[in-house]
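Colleague: Below you will find the structure I want to go over with you.
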Amino acid sequence: MLRLAAFHLRHRTLRSLALVLGILLATSGFTLLTAGARSSQLRTTGTVDDNYRGAYDILVRPQGARSALEDGEGLVRPNFLSGRFGGITAAQQERIARTAGVDTAAPVAMVGYVVSNNHAVVDLTAQVDRARTQQLLTLRPTWHSDRGLSRITDDAPSRVYVTKNPLLWPRYPKVGGGGTLHYADGTDPAPVQKQCGSDFAPVLEVLPDGRRVPLCQPPVSGLSDGRGWLVAARLTADGTFVTGEDERGRPVARERLTSVVQWPMTMLLAAVDPGQEARLVGLDKAVTEGRYLRQDETTENGRDELGALHRYVPLLASAAPQIDEQLKVGIERSRPGGAEESGGSGGGAESRGSGGPGIAGLAGERLAARLAALPGTVLGTRVFTADQVYGAAEPRTADLTRVIQSGRPDYRDTDPLTPAPVPVDQEALWHTEHASGLPVPRFAQDTAHRPLHRVPEYRSPEAVAGEWNGDAVTVGTFDPARLTEFSALSRVPLETYRPVDATAADAATRRLLGDRPLLPNGNPGGYLATPPQLLTTLAALTRILDPASEQARAPISAVRVRVAGVTGTDAASRERVRTVAEEITRATGLDVDLTMGSSPAPRTVLLGAGSHGRAPLTLSEGWSVKGVAVAVVEAADRKSVLISGLVLVVCVLFLLNAVGAGVRDRRRELAVLGCLGWTRRRVAGLVLTETALVGATAGTLGAVLSAALAPLLGIDVPAGRAALALPVALALSLLAALPPALRATPRHPARALRPAVRAARRPRRHRTLAGLAAANLARVPGRTALGALSLAVGVCAVTAVAAVLTSFHDGVVGTALGDAVALRVRGIDVAAAAGTVLLGALAVADVVFLGIRERAAEFAVLKATGWSDAHLVRLVLHEGAQLGALGATVGAATGAALVVRLTGTLTPALAATAAAAAFGGVLLTTTAALAPAAALLRLPTAPLLAED
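Going by the working numbering, the residue at position 916 of the sequence shown is 930; the numbering climbs one at a time, nothing skipped.
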C-alpha cells in the first residue's frame, strides 16, 4: 500500500506538489501565527507586569470619600487627596499597618493651604536719575497665570521715594531692652503719627529750610496685606543709597537700590510618617538641601528677624512651587512735585527737583490723590517666574495662623464634566488683625470651583507662652522628580507629589494654551489642585490642630498600602491584594480601592471662563481606571485563543478542499480499482496513505521553514514548537482527507464515471457572462460552498480581530496602559487576519482551477465555436469574483455581527470596516482567479475535442 501510494504521488507530480505547498503554507503559517499569538500574549503580560504597579496597591480613604462618579464607573479622581482633610484615626492607621500581608502603610494627613510669602527683588539702580533732588519710582506688578490667559493688575503698586535730603528713621525699642519710640534728633513721634493717621511712625525728610516732614504711607484696603508701601531712600553724595539704620543707629548704605514685590504663594501642607514615606516612595533619598524630617519631631529651634529665640514647625519643602504664575513689574519714574518729568518750567531747578516738600507731609486721601495724578515715564519691565522667586527664598517660611481648606468640585454635568463655580467671601477667608496686613495670594481672587473655609486659629500653649509665633520653617528641600519612579502608564493621578496636567481636548483650547497643559495656580479654590508642597510630621499636628477639633481626633486623610509578595498580575498576586483589602475593610470599615493595575484614562472637562480674562476651556483630565492590568491580560488571553482557532479552521477548510480536489481528479482511476475488486476501505486507505505521505513531507518542511522564518519575523519559535508542525500537518491532513476518502468509491463504482457536475434539468439561455458564471458555480454546489466558506472565515477573521480590539477598548479604552498593549499586539492581529484571508483566496482559486480541469472539453467547444481568449478569461474571472462576493459578504456580515454582540452597538465605522473587508475579499479572489485563467489559455483544444 505504501509503495503504491508513493508511486501514485511520483506520477502526479503537479498535484502532489500543490498538496505539499498547500499543507506547507497551512502548517508553517499556523506554527508561526500561533507562536506569534503566544509571543504577543507574553509581551502583553510583560507590558502589564512592567507597568501595572504604581506606588501602592491599595488606597484607603475615610468612609464616604468616594464620589458617586467614582463609585459608578470604577474611577479614582485626580488629586484624590484634595478636599479631604482627616477622617481616619491613628488607631485605624495602626490597624492597617498590622494587617497581615501589608508591606508598607503610608498615611498622609492633609492640613490645608498655608501662605508662604516670597519676594521678587527688583533692582532700581539704573532707573535712578542722579541729577534729581527728589524722585519717585513706582513699581506696577501684573500677575499672569493659565498660560498667560489670566491677568491681574495689582491695585496697590509699590513705591520708592529717592531724595538727596537727609532722612530720619524711627527707632523702636529693643525687645526686653526698655526704651521708647523716638527719632535721633528728638522729634516727638506722636504728632507725626497723628498727622499720618497711623500707629506707624513714618520716615522724616529734612528739607533744606530745616523742616521735618513725614513720608506717610498711602491708605490701603483691608485686604491690601501690606502691599502699596512707600519706601524711602537717600541718595548720598558718594552715589550710595541709605535705606535705614542698623541696631546702633548707623546709616546702612548700599551701592544698589532694590525694592521687593511681595509674592505670596499658597502651599498645600500635609503631614506624613517619615519612615513609611521613605519606604513607599524614597522621600528621604529625594532631599536635595538640608535634612530629612525626623520621625517624631514637632518643633525646630530658630530665631526671628529681631533675633528672638522661637520654635518653628519643621517643614520639608518641594524644590519647586508647582504652580503656573508669572510676575511682570513695570517701572515708572515721576517727580513728586507733580510737573511733567521731561517738561517743567524750562528745565531749571523745578524740573530737576527743588528739594521742596513734594509728597512729604501729605496723608490720607490727599496723598492718594497726589500719587494717582503724578505723571510718570515708563522705564522698563522686569519679568519673574514662580520658580525663580520661590527658589531664591532662604529660608522658606509659612504662616500657620491662616489655614485654608478646600472641598472637592461639584459637577453640574458629567458628560463632559462641568465643574460649577462657587462663591467665596474673600474678606472672611483672608482677613487678619495684623496691623500691616498679611499677604494674600493674588489668584485667590479668581473663580473658585471648590468650596473654601478657614480653619479657626489654634493657639497652642507654646504660642501662648510666646515660644512659637505660628510660623513654620523649612529644614530641607526635596525634588519630586527624584522620588522612586513608577511607570508613566500607571502613575497619574494616583501619585501623591505630582500635579495633574489637564491637556487641551479640542483645537480651540489647544490654540489658547499654546499646545501646553493647563497647570494649577495659587488659587486654593481653583479646579486644578496642587499636590502637597510642604510636608511636616504627624507628630507636629499637635502644634497646628486644636486637640478638641474633629480633624485632630481623626487627622489622616488617606493611607497608601503596598502589599508584600506581589510580583505581577498573576492570580496569586491579585489574590494577595484582594485578601489584604478585604481584611482592611472588615477591620476598619473605611473605603478601600484596589489601585493595583490602575491606569490614567482621560475625561473631558468643560471649564468655565475665569474672572481675569481666561476664556472657557475644553480639557482632557486623567482620572484613574482601576484594574486595567487585569482586564488587559484577560483580553489578551481571549485574543490568542481566537487567533489560533481561526487559523485552525481555515487550515482544515483549505486542506479539505485541496484533498477533495485531488480525489475528484482521480475519480475514474479509483472507480477502475473498485471494479477490479478493491474494497471501499482499501481505496480509502490508499487515499489516506497518500495524503499522510504528503502531510508528513509538508510537516517536515513546515518545521524547517518555521524555524528559518521566525528570526526574520521577530517571533520566538522554540525547536519543540517548530517540531509540532509535523504532527499538526499529519493530523490536519488525515482529518481533511477522511471525508473525500470515504467518498472515493461509491457502492456502485460505475457511478464514479459520471461527470462531477450537476446536469441542468432543462436548458436555459444565459445572455451575460455573469449569468453563465453563476450557472457554472451552481452546477457544483458543494465545491462552491466550500470555497465560499473558506473565504468567509478569512474575511470574518478581519472583523473578529477588530471585535477583540473593541473588547480591549470597552474595558480599558483610552487608558495609557490599555493603549500601550493594543499597540504591541496589533501587528500579529493583522498577520493572522491576512493569513486566513490568503488561505481562503487560495481555496477559491483551487475551486476555479478544478472547475476548469473538469470542464476542459466545454471550454474547448466554446473556443472552437468562436469564443475569444478574452471572453473565456472574463468568464473565469466572473466565477472567481462571484464566489469571492458570496464568501466575503457572508464573512463580513458574520464579523460585524460578532462585533455588535461584543459591543452592543453597530457604529458607522464598523459598517464601513465590514464593507471594506467584503470589497477586499472580492478583489483578492478575483486576482487569485487570474492564475486559473492563465492555465485555461494553455488547454489543447483539438485533443480535448477528439477525446470528447
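Even for Gly, the Cβ is constructed at its ideal location relative to N, Cα and C.
Looking only at C-alpha atoms, which of Pro232, Ala712, Thr272, Thr167 sits nearest to Ala247?
Modeller: Against the sequence shown, residue 247 aligns to sequence position 233. Measuring from the Cα of Ala247, the nearest candidate turns out to be Thr272.
Colleague: Quick check on Gln309: does DSSP put it in helix, strand or coil?
Modeller: Counted from its first residue, the sequence shown places residue 309 at position 295. The answer is coil: DSSP assigns Gln309 none of H, G, I, E or B.
Colleague: Following the continuous alpha helix (DSSP H) through Leu938, name the residue where it begins and the one where it ends.
Modeller: One-based indexing of the sequence shown puts residue 938 at position 924. Start and end: 922-942.
Colleague: Can you give me the start and stop residues for the beta strand (DSSP E) that Trp157 sits inside?
Modeller: Taking the first residue of the sequence shown as position 1, residue 157 is located at position 143. That run of the beta strand (DSSP E) goes 148-159.
Colleague: Quick check on DSSP: helix, strand or coil for Tyr404?
Modeller: Numbered from 1 along the sequence shown, position 390 holds the residue referred to as residue 404. Three-state DSSP puts Tyr404 in a helix.
Colleague: Ends of the beta strand (DSSP E) at Gly390?
Modeller: For the purposes of this step, residue 390 is identified with residue 376 of the sequence shown, where counting begins at 1. Note, Gly390: premise wrong, no beta strand (DSSP E); not H, not E.
Colleague: Could you check the C-alpha separation between Gly849 and Ala751 for me, to the nearest Å?
Modeller: Locating residue 849 in the sequence shown gives position 835, counting from the first residue. Locating residue 751 in the sequence shown gives position 737, counting from the first residue. If you take the alpha carbons of Gly849 and Ala751, they lie about 22 angstroms apart.
Colleague: Consult DSSP for Asp607 and reduce its assignment to one of helix, strand or coil.
Modeller: Sequence index remark: in the sequence shown, residue 607 carries index 593 (1-based). Reduced to three states, the DSSP call for Asp607 is strand.
Colleague: Helix, strand or coil: how does DSSP classify Leu953 here?
Modeller: Residue mapping note: residue 953 aligns to position 939 of the sequence shown, counting from 1. Coil.
Colleague: Just tell me which of Thr903, Pro437, Glu564, Arg144 has its CA closest to the CA of Gly808.
Modeller: Sequence index remark: in the sequence shown, residue 808 carries index 794 (1-based). The shortest C-alpha separation from Gly808 is found at Thr903.
Colleague: Output needed for Thr599: all residues of its chain with C-beta closer than 7 angstroms, excluding positions within five of it in sequence on either side, in chain order.
Modeller: Position 585 of the sequence shown, counted from the start, is the residue given in the question as residue 599. So the list reads Val606, once near-sequence residues are dropped.
Colleague: Could you check if Ala5 is buried or exposed, using at least 16 other CB atoms within 10 Å of its CB as the buried criterion?
Modeller: Lying outside 15 to 962, the shown extent of the chain, residue 5 is not represented and no answer is given.
Colleague: Use the C-beta contact count for Leu920: other C-beta atoms within 10 angstroms, 16 or more gives buried, fewer gives exposed.
Modeller: In the sequence shown, the residue the question calls residue 920 occupies position 906. So Leu920 counts as exposed.
Colleague: Among residues of its own chain, excluding the 5 on either side of Tyr127, which ones have a beta-carbon nearer than 6 angstroms to its beta-carbon?
Modeller: Along the sequence shown, one-based indexing puts residue 127 at 113. Non-local beta-carbon contacts of Tyr127 in its own chain, meaning distances under 6 angstroms to residues more than five positions away in sequence, involve Thr280, Leu282, Ile418, Pro538 in chain order.
Colleague: Roughly how many angstroms lie between the CA atoms of Gly362 and Ala486, to the nearest whole one?
Modeller: Within the sequence shown, residue 362 is the residue found at index 348, counting from 1. Within the sequence shown, residue 486 is the residue found at index 472, counting from 1. Model confidence at Gly362 stands at a pLDDT of 37, short of 50, so the residue's coordinates are unreliable and nothing is read from them.
Colleague: Under the rule that 16 or more other beta-carbon atoms within 10 Å means buried, what is His885, buried or exposed?
Modeller: What you label residue 885 is simply residue 871 of the sequence shown in a count that begins at 1. By the Cβ-count criterion, His885 is exposed, with fewer than 16 other Cβ atoms from all chains shown falling within 10 Å of its own Cβ.
Colleague: When the Cα atoms are used, what is the spatial distance from Pro263 to Trp183?
Modeller: The residue you call residue 263 lines up with position 249 of the sequence shown. The residue you call residue 183 lines up with position 169 of the sequence shown. The sequence shown places Gly at residue 263, rather than the Pro named in the question. Looking at the two C-alpha atoms, the distance is approximately 9 angstroms.
Colleague: To the nearest angstrom, how far is the alpha carbon of Leu297 from that of Leu307?
Modeller: As a working mapping, residue 297 is identified with position 283 in the sequence shown. As a working mapping, residue 307 is identified with position 293 in the sequence shown. Looking at the two C-alpha atoms, the distance is approximately 10 angstroms.
Colleague: Which one or two residues does DSSP pair with Asn131 in a beta bridge?
Modeller: Taking the sequence shown and counting its residues from 1, the one referred to as residue 131 is at position 117. Partner(s): Pro278.
Colleague: Can you give the beta carbon distance from Thr257 to Thr556, rounded, assuming they're within the 8 angstroms contact cut?
Modeller: Within the sequence shown, residue 257 is the residue found at index 243, counting from 1. Within the sequence shown, residue 556 is the residue found at index 542, counting from 1. Their Cβ separation, rounded to whole angstroms, is 41 angstroms, which puts Thr257 and Thr556 out of contact at 8 angstroms.
Colleague: In whole angstroms, what separates the C-alpha of Gly699 from that of Leu18?
Modeller: On the sequence shown, position 685 is the one that residue 699 refers to. On the sequence shown, position 4 is the one that residue 18 refers to. Near 11 angstroms, if we compare the C-alpha coordinates of Leu18 and Gly699.
Colleague: From this set, Met124, Gly688, Ala672, which residue's C-alpha is nearest Ala554's C-alpha?
Modeller: As a position in the sequence shown, residue 554 is number 540, starting the count at 1. With distances taken between Cα atoms, Ala554 lies closest to Met124.
Colleague: For a quick check, are the C-beta atoms of Gly540 and Asp460 less than 8 angstroms apart?
Modeller: For the purposes of this step, residue 540 is identified with residue 526 of the sequence shown, where counting begins at 1. For the purposes of this step, residue 460 is identified with residue 446 of the sequence shown, where counting begins at 1. Yes.
Colleague: Taking three-plus beta-carbon pairs below 8 angstroms as touching, is the region 380-397 in contact with the region 99-111?
Modeller: no
Colleague: Work out the CA separation of Glu596 and Ser613 for me, nearest whole Å.
Modeller: Sequence index remark: in the sequence shown, residue 613 carries index 599 (1-based). Sequence index remark: in the sequence shown, residue 596 carries index 582 (1-based). Going by the C-alpha atoms only, they are around 22 angstroms apart.
Colleague: Looking at the C-beta of Ala285, does it have a partner C-beta in chain B at a distance below 8 angstroms?
Modeller: Absent here is chain B; the protein component of the structure consists of one chain.
Colleague: From the DSSP secondary-structure annotation, give me the bridge partner or partners of Asp413.
Modeller: In the sequence shown, counting from the first residue as 1, residue 413 sits at position 399. DSSP lists Val129, Asp485 as partners of Asp413.
Colleague: How long is the line joining the alpha carbons of Ile110 and Ala119, rounded to whole angstroms?
Modeller: Position 96 of the sequence shown, counting from 1, holds the residue named residue 110. Position 105 of the sequence shown, counting from 1, holds the residue named residue 119. For Ile110 and Ala119, the distance between alpha carbons rounds to 7 angstroms.
Colleague: On the CB-based measure, 16 or more other CB atoms within 10 Å of its CB, does Tyr186 come out buried or exposed?
Modeller: On the sequence shown, residue 186 is found 172 positions in, with the first residue counted as 1. It is exposed - the Cβ of Tyr186 has fewer than 16 other Cβ atoms within 10 Å.
Colleague: Got a sec? Which residues, its chain only, sit under 7 angstroms from Val591 by beta carbon, not counting five neighbours each side?
Modeller: In the sequence shown, counting from the first residue as 1, residue 591 sits at position 577. Closer than 7 angstroms at Cβ, skipping near neighbours: Asp71, Ile72, Val577, Val580, Leu608, Met610.
Colleague: Could you tell me which residues DSSP puts in a beta bridge with Gln340?
Modeller: Along the sequence shown, one-based indexing puts residue 340 at 326. Bridge partners of Gln340: His158, Thr399.
Colleague: Quick one: using the 10 Å Cβ neighbour count with 16 as the cut-off for buried, is Gln402 buried or exposed?
Modeller: The sequence position of residue 402 within the sequence shown is 388, counting from 1. It is exposed - the Cβ of Gln402 has fewer than 16 other Cβ atoms within 10 Å.
Colleague: Please name the residue in Gly242, Leu726, Leu756 whose C-alpha comes closest to that of Arg978.
Modeller: Residue numbering for the chain in the displayed model covers 15 to 962; residue 978 lies beyond these limits and cannot be assessed.
Colleague: Whole-angstrom Cβ separation of Glu635 and Pro92, contact assumed at under 8 angstroms?
Modeller: The residue given as residue 635 occupies position 621 in the sequence shown. The residue given as residue 92 occupies position 78 in the sequence shown. Sure, about 6 angstroms apart at Cβ, within 8 angstroms.
Colleague: Which same chain residues, not among the five before or five after Thr798, have their C-beta less than 6 angstroms away from its C-beta?
Modeller: As a working note, residue 798 is residue 784 in the sequence shown. For Thr798, where only same-chain residues beyond five positions count, the Cβ hits under 6 angstroms are Leu791.
Colleague: Just grab the DSSP bridge partners of Gly304 for me.
Modeller: One-based indexing of the sequence shown puts residue 304 at position 290. Note: Gly304 sits in a beta bridge opposite Gly490.
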